[in-house]
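Here's the structure we're looking at; comments come further down.
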Amino acid sequence: MRSPHRNGGLETPPRVHDPHFHSTVSVQKLRRFNTIIFVFRLAAFSFSLAAAVFMLTNYRGSNSPRWYDFDAFRFVLAANAIVALYSLFEMGASVWEISRGVTVLPEILQVWFDFSHDQVFAYLLLSANSAGTALARALRGMDTCTSSNAFCIQSNISIALGFAGFVFLGLSCLISGFRVVCFIINGSRFHL
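Add 126 to a position in the sequence shown, counting from 1, and you land on the number used in our numbering.
This is the structure we're talking about:
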C-alpha cells in the first residue's frame with residue numbers, strides 16, 4: 127500500500143537552490159551600486175582626458191616654452207592618458223555588468239583586477255600631478271611664467287584637472303576595495 131504522503135507515488139523533484147538569485151530589491155541595489163561606480167569612472171575618465179588634452183595643447187609659439195621640454199609635464203601627460211584609457215576600459219566593463227548582470231572576467235578575477243589597478247593608477251596619477259605641481263611652482267618663481275603667463279596657467283589647469291581625476295579614481299578605488307572585502311567575507315562582490 128502506498129503512503130498517502132507521497133503524492134500518488136510520484137516523487138517530488140528536489141529543490142534547486144540558485145546561488146545567483148536575488149530579489150527585485152537586491153537587483154535594484156546592485157544596479158544602483160554599479161551605476162555609482164560607472165559615474166565615478168566616467169568622471170575619472172573625463173578629468174584625466176581633459177588634463178591630457180590641456181597639457182598636449184600647451185604650446186604658444188616658438189619663443190614660448192613647450193610642455194615636452196619638462197620631464198614632469200611629460201609625466202603628467204602620460205599618466206593622465208594612461209588613466210583615461212584605463213577608465214574607458216573600466217566604463218565598458220561597468221556598462222557590461224549593468225546591462226548583463228555579470229562581470230567581464232570571472233568574479234574573483236574582476237574584483238581583484240579592479241582593486242589592484244585602481245590602486246596602481248591612482249598612485250600613478252597622484253605622483254605625476256605632484257611632480258607637475260612642484261615644477262609649476264618652480265617655474266612661477268623663475269622668469270618663465272612672467273614671459274609666458276598663458277603657458278603656466280594652462281599647465282596649472284592641466285594639473286588641477288589631473289588631481290580631480292585622481293579624486294574620482296580614488297572614490298572608485300574605495301568602492302572596489304569594498305567589493306574585495308565583500309567577496310572575501312561573503313563569496314560575492316556585493317553585500318546583500
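Built from N, CA and C at the ideal position, the CB exists for glycine as well.
* To do: Return the chain-ordered list of same chain residues with a C-beta closer than 6 Å to the C-beta of A176, the five sequence neighbours on each side being excluded.
  => Beyond the five residues adjoining it in sequence on each side, A176 comes within less than 6 Å, by CB distance, of L287 in the same chain, given in chain order.
* Along the chain, where does the alpha helix (DSSP H) that runs through T272 open and close? -> Element bounds for T272: 270-273.
* Asked: With S213 and A170 assumed to form a contact (beta carbons below 8 Å), what rounded beta-carbon distance in angstroms separates them?
  -> Rounded, the Cβ-Cβ distance is 5 Å, consistent with contact.
* To do: May I ask you to check if the CB of C278 is nearer than 7 Å to at least one heavy atom of the ligand NAD?
  => With respect to the ligand NAD, the structure shown offers nothing to examine, as it has no ligands at all.
* **Three-state secondary structure assigned by DSSP to G313** => Here G313 sits in coil by DSSP.
* To do: Measure how close the beta-carbons of R200 and Y194 come, nearest whole angstrom, since I'm counting them as under 8 Å.
  => Sure, about 6 Å apart at Cβ, within 8 Å.
* Rounded straight-line distance, which links the Cα of S273 to that of F164 -> The alpha-carbon atoms of F164 and S273 are separated by roughly 43 Å.
* To do: With a 10 Å radius around its C-beta and 16 neighbouring C-beta atoms as the bar for buried, classify S281 as buried or exposed.
  => Looking at its Cβ environment, which holds 16 or more other Cβ atoms inside 10 Å, S281 is buried.
* Selected residue, minimal CA-CA separation from L156, among I234, A260, T183, V228 -> Measuring from the Cα of L156, the nearest candidate turns out to be V228.
* Classify H143 as buried or exposed, calling it buried when 16 or more other Cβ atoms lie within 10 Å of its own Cβ. => Model confidence at H143 stands at a pLDDT of 49, short of 50, so the residue's coordinates are unreliable; what they give is reported in the following sentence. Classification for H143: exposed.
* **Inter-residue CB distance, C299 and A254 (contact presumed, cutoff 8 Å)** => C299 to A254, Cβ: 16 Å. No contact.
* R266 lies in the alpha helix (DSSP H); which residues open and close that run? -> Start and end: 233-267.
* Check whether A198 and A178 have beta carbons under 8 Å apart -> No, these two residues do not count as a Cβ contact at 8 Å.
* To do: Using the Cα positions of F321 and G291, report the straight-line distance between them to the nearest angstrom.
  => Past the boundaries of the shown model lies residue 321; the chain is included only from 127 to 318, so the question cannot be answered.
* What's the C-alpha gap between C271 and F166? -> Distance between the alpha carbons of C271 and F166 is about 34 Å.
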